[in-house]
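Residue 29 in the UniProt record's numbering is what sits at position 29 of the sequence shown, and the numbering runs on without skipping anything. Think of the CB as a built atom: it goes at the ideal place given N, C-alpha and C, for glycine as much as any other residue. The next block holds one structure in the form of structure tokens; read it before the comments.
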Amino acid sequence: MRWRYILNIIGILIFFFGLTMILPLLVGFYYQDQSIIP
């Protein structure tokens, strides 16, 4: 098992999933969307 390679892939996947979650949040804040602000 190549642990370093596996951890690198997992880190990249988590990074991209986090990015796809954060981008709509930032757009919502920028346009003051009512669905973001409770």
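The DSSP-derived three-state label of R2 is coil. Pairing L7 with L13, the inter-Cα distance amounts to about 10 Å. The DSSP-derived three-state label of Y30 is helix.
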